[in-house]
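Written below as structure tokens is the structure these notes are about.
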Amino acid sequence: MTNKKAFKTESKRLMDLMINSIYTHKEIFLRELISNASDAVDKLHYKSLTETLENVKKDDFSIAIELNKELRTITIHDNGIGMSKEELEDNLGTIAKSGSYAFKEELKETESNEDIDVIGQFGVGFYSAFMVANKVEVTSKKYGSDTACTWVSEDVDGYDISDSVKDTCGTMITLYLRDDSEDENYSEYLETYTIERLIKKYSDYVRYPIMMNVEESVQKEDSEEYETIVENKTLNSMIPLWKKSKKDITEEEYKDFYTSKFNDFNAPLKTIHANVEGTISYNSLLFIPEKAPANYYSNEYEKGLQLYSRGVFIMDKASELIPEHFRFVRGLVDSQDLSLNISREMLQHDKQLRVIASKIEKKIKSELALMLRNDRETYDKFWTSFGVQIKYGVYHGYGQNKELLQDLLMFHSSKEKKLITLEEYVNHMSEGQEHIYFMSGDNVDKIDRLPQVELVKDKGYEILYLTDEIDEFAIQILNAYNEKTFKNVAQGDLNLESEEEKKEVEAKTEENKDLLSAIQEVLKEEVSEVKISSRLKSHPVCLSASEGMSFEMEKVLSAMPDGNPMGMKATRILEINPSHAIFNALSKAYESDPESMGDYASLLYDQALLMEGFEIKDPIAFSNKICQLMINANK
């Protein structure tokens, strides 16, 4: 006997909301129904732990799926606790009432310490079935009952409940798929490979076996013919790797999991496996790749960790769980404590999420610091692939993460021509040294030959060679390390000369003030000052900048897509080596042929620009002046 009933809510409008608005992808229906089936089995499993039950064996618990292309049906069986007629009406006739949630609340009121981990919370997952089906039929028999009942609803207009027959306890849900349309291909859910794919994606780690009859073509023995056999196949892995103890997992298993899960041909550089219990409990399995993917530094790359809740896949890129400076980390987090929204597809932005993200950030930092200390060769590989990202992390957010990241930084050293940390630099510092010296350029070899580094190296001080565009910005944000301030060897006064050397420079400046003024006049549109250099040893000239913007920062701004709209430039100072033969040539030219002195001054400035990596304004004039100089030298 049937009895047509309306849903116990503001029915049609709310049901339409459930079906059409809450879920982003229709394929989610299978995840939701399997999660409900898993909850039902959990309940009977828990009951079997506290009571002696007849005909219930833990090893028999399972979920089964059947496909029928002729009838266009998908049927999901479980041998769980089942539902009575009243529970069917209560749980399925009342939208957003969760039997699993009620069960969990009941457990809280008992003194049991059993960790029974039901998935469903909101009571709406069942209705996702109507996204793909125009009719849903549920037959259920509660454990211990002699009778079964069937609940049927077509196109969510209401439902019928009638008595029926079922041999064993549990629930059987049958979905009658909608007809295909121009926009939707519902028939794909009748294909075995589609179901296998969805189980692997969303429900691979449900704790009970998910079974399905799968047809396979097998070659007959001693024959070229094939026959079709039907195998009852388990579709899910059941036990997540991250739920196992680390001592029971081999490096090969970690590698295989990473390469298959994240489509990387290379083994990970580092595996970080953590099981955290406490106020917030979660499992995490994180990997540092060996190399950055091709699109890593593009807008196409999405950071984030895979998110699972109780082994059920929720989303692929939970960006909130990984900070920008560690965006290269791949992996997953599985937690029963994360607050999900009603569809289980999105995270609620809550305290639990922030706590887990903070713990993950600290764990990654500590593992990188450990690698740096104990496995330098591997850390050097990591730095080659992702060091720029750490530097961006220091600069990002006006330096809010600089304390966290500064000990991970590495730069090339002038002394050993290899990467060193800031701590190592400070430990190498000469007695009385006040600054951490650095110089920027395209590459280590080029920087090492620049005229500006001569004096600092001659005094025995180590110089950090900065070769990435972000470097000076990160250094500027740091400002100091272990109370030692950073000093650009191409900016401002280095104050490394002895008193005797300072007096000698002052005397040279006074002696040649007219020559310097004349050169300044020739280059007045280009430089702010022409001076006798205290930093040059063997080179004839160099450019230096005053405090503030450096040459490297100017280049970075000019290389941006919109150029340098503010026209910001470093102040150019031309420094001339009074001990170089070119200075005598300038002095003689100034006395005998002021016009040629102007050409010499212009050539020297262009040479200084080229050494610094800047373009010269008029390459043709530069070339002609050199040719004329060569001609005059051979007259």
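Following the numbering used here, the numbering of the sequence shown begins with 818 at its first residue and continues without gaps.
Positions of the beta carbon are idealized from the N, C-alpha and C atoms, including for glycine.
Computed from a prediction, not measured in an experiment: that's the story for all the values here.
Check: Any beta strand (DSSP E) of 3 or more consecutive residues that is wholly inside the segment 1291-1337; Outcome: 1301-1305
Check: Residues near Y993 by beta carbon distance below 8 Å, same chain, minus five either side; Outcome: L888, R889, T890, A950, N951, K952, V953, E954
Check: Beta carbon of I1027 nearer than 8 Å to that of S1020; Outcome: yes
Check: The segment 1032-1049 touching the segment 1133-1141, judged by at least three CB pairs closer than 8 Å; Outcome: no
Check: Residues sharing a beta bridge with C1359, DSSP; Outcome: E1392
Check: Separation of N1218 from L1170, as counted between CA atoms; Outcome: 19 Å
Check: Own chain partners of Q1223 with C-beta closer than 7 Å, once the 5 adjacent residues on each side are dropped; Outcome: V1211, L1239, L1295, Y1298
Check: Limits of the alpha helix (DSSP H) - the one that Y993 falls within; Outcome: Not the alpha helix (DSSP H): Y993 falls in the beta strand (DSSP E), residues 987-994.
Check: V1129 (DSSP reduced to helix, strand or coil); Outcome: strand
Check: Spatial distance of Y1099 from D974 (CA atoms); Outcome: 41 Å
Check: Same chain only: Cβ atoms within 6 Å of G1148, ignoring 5 sequence neighbours per side; Outcome: L1102, L1103, F1104, L1122
Check: Burial state of P1378, where buried means 16 or more other Cβ atoms lie within 10 Å; Outcome: exposed
Check: Stretch-stretch touch, CB-based, cutoff 8 Å, three pairs: the segment 1243-1253 with the segment 1409-1427; Outcome: no
Check: Three-state secondary structure assigned by DSSP to K822; Outcome: strand
Check: is_contact[L1295, chain C] using C-beta, thresh 8 Å; Outcome: Here chain C cannot be found, since the structure has a single protein chain.
Check: Distance between D1073 and F1079 (C-alpha atoms, nearest Å); Outcome: 10 Å
Check: Check: K1232 C-beta below 7 Å from any heavy atom of the ligand MG; Outcome: Among the ligands in the structure shown, none appear at all, so the ligand MG cannot be discussed.
Check: Contact check, G1465 vs N853, beta carbons under 8 Å; Outcome: Summary: the structure shown does not reach residue 1465, with the chain confined to residues 818 through 1452, and so no result is reported for it.
Check: Helix, strand or coil at M1377 [DSSP, three-state]; Outcome: coil
Check: Residue of T988, P1106, V1047, R848 minimising C-alpha distance to F878; Outcome: T988
Check: Contact set for K1108: own chain, Cβ-Cβ below 8 Å, skip 5 residues either direction; Outcome: N1083, S1202
Check: Same chain only: Cβ atoms within 7 Å of A965, ignoring 5 sequence neighbours per side; Outcome: T956, S957, K958, S981, V982, K983
Check: Residue closest to I1292, alpha-carbon to alpha-carbon, out of S1040, D1262, F1228; Outcome: F1228
Check: Beta-carbon proximity list for V969, same chain, < 6 Å, skipping 5 on both sides; Outcome: E954, D977
Check: Alpha-carbon to alpha-carbon, E1289 and S1257; Outcome: 8 Å
Check: DSSP beta-bridge partners of I1027; Outcome: I880
Check: Chain-order list of residues whose beta-carbon lies under 6 Å from that of P763 (same chain, five-residue window excluded); Outcome: Outside the displayed span of the chain (818 to 1452) sits residue 763, for which this structure offers no information.
Check: K821 burial status per 10 Å Cβ neighbour count (16 or more: buried); Outcome: exposed
Check: In DSSP terms, what I1105 is bridged to; Outcome: K1087
Check: N1329 to A1438 span [Cα, whole Å]; Outcome: 28 Å
Check: Where N1244 falls: helix, strand or coil (DSSP); Outcome: helix
Check: Outcome for M1383 when other beta-carbon atoms lying within 10 angstroms are tallied against a minimum of 16; Outcome: exposed
Check: Beta-carbon proximity list for F1199, same chain, < 6 Å, skipping 5 on both sides; Outcome: L1086
Check: Host beta strand (DSSP E) of M1453 (start-end); Outcome: Because the chain is modelled from 818 through 1452, residue 1453 falls outside the range shown and cannot be assessed.
Check: Distance between D1265 and K1232 (C-alpha atoms, nearest Å); Outcome: 10 Å
Check: For Q1123, three-class secondary structure by DSSP; Outcome: strand
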